[in-house]
Each structure stands twice: as structure tokens, then as C-alpha cells.
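Participant: Below you will find the structure I want to go over with you.
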Amino acid sequence: MAENVLCILICIIGLVLSAQLIGNMQTNLQSMTVRVEEWMRHRQYLQIWKNRHLSLALVRRVPFFSQMDDQLPDAICERLVSSLSTEGTCIVREGDPVNEMLFVIRGQLESSTTNGGRSGFFNSITLTPGDFCGEELLTWALMPKSSANLPSSTRTVKA
């Protein structure tokens, strides 16, 4: 009889110790999860701040935006979207409506114009990191009686 009681007691102690071990492991995993989530939020915030700071320098290179207070360029930086273009891709065609400004962050873009299709006229420049195009939107937006139609591009831009 004493042997049975001893066996039952050892089993109960084993179950209690196993439950305590599992509880400690669960608590440890939960605290690690919380720390990882905090680290990820912090890392994401740093990435957003870094992108906004780098974009602000690009936006300030536009003469119109360099004269503004910090609120407008900062609001523009919040809405910037990065994109990647492969070599040879036509990004903007001359005469097509301009619906966005482009800021070159990395690589080069070829910008050319025929001045509205005038025969014998061709002008080409290379846009490098820090350059921009699509400034027709600014002049269109600043006109007091600008129409609902977007302005036409004066240049063809290729990657």
C-alpha cells in the first residue's frame, strides 16, 4: 500500500513540475513575442523616418518647394511612392498627360524632346540621382484658371 501511495505521489510531483516547466516556457515565449513586436515597430518607424528624411532632400531640390515652409514638402514626402524601372522602359512620352513628378534616386534616365514634334529639333539630357521631371504639373497647378485636363509632357523620359 505504501508503494502505491509513493508511486502516486511521484506521478503527481512529476505532473506539477511538468506543468510549471510548460508555464515558464509559455511566459518566456510571450515576453519574447512582445519584445520582437516592439523591435519591429521601432525598426519600421526608423525606416519611415529615414525614407522621409532622404525624400525631403530630393523634394527641396525643386526650386518651388525649396521656398516653402516645412509642412508642404513634408506632406509631399508622405505621399511619395518609389518605383523601379528596367532599362529601356519608356516612363513618360512627349505629349502624354503628366500625372506625377519623378525624382531620380538611383541610376540614370534619358530625357529627350523634339519641342512638340518640330522637324530637325532634338534635345536630350541625362537625369542623374537628385534630378527630377514633371515640373509641368507645378505650373499647371499654380495657374489660377487651370483646367481639369492635366498638362502634356514636353519630354520623353526613358530608363
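If you use mature numbering (1 follows the signal peptide of the UniProt record, and there is no 0), the sequence shown corresponds to residues -18 to -1, 1 to 141, in order.
Even for Gly, the Cβ is constructed at its ideal location relative to N, Cα and C.
For the alpha helix (DSSP H) that contains T121, what are its first and last residues?
Facilitator: Its alpha helix (DSSP H) spans residues E118 to L124.
Participant: Could you give the distance in angstroms between the alpha-carbon of F104 and the alpha-carbon of K140?
Facilitator: Whole-angstrom Cα-Cα distance: 15 Å.
Participant: Return helix, strand or coil for F104, following the three-state DSSP convention.
Facilitator: Three-state result, F104: coil.
Participant: In its own chain, which residues sit with a C-beta less than 6 Å from the C-beta of E117, not counting the 5 before and 5 after it?
Facilitator: Excluding positions up to five away in sequence, the list is empty.
Participant: Applying the 10 Å Cβ sphere with the 16-neighbour rule, what's the burial state of L91?
Facilitator: Under this definition L91 is a buried residue.
Participant: Quick check on the DSSP output: the beta strand (DSSP E) that includes I73 runs from which residue to which?
Facilitator: From DSSP, the beta strand (DSSP E) with I73 extends over C72 to V74.
Participant: Please go through the stretch 39 to 101 and give each complete beta strand (DSSP E) segment of 3 or more residues, from N-terminal end onward.
Facilitator: Runs of the beta strand (DSSP E) inside the stretch 39 to 101: 72 to 74 and 91 to 95.
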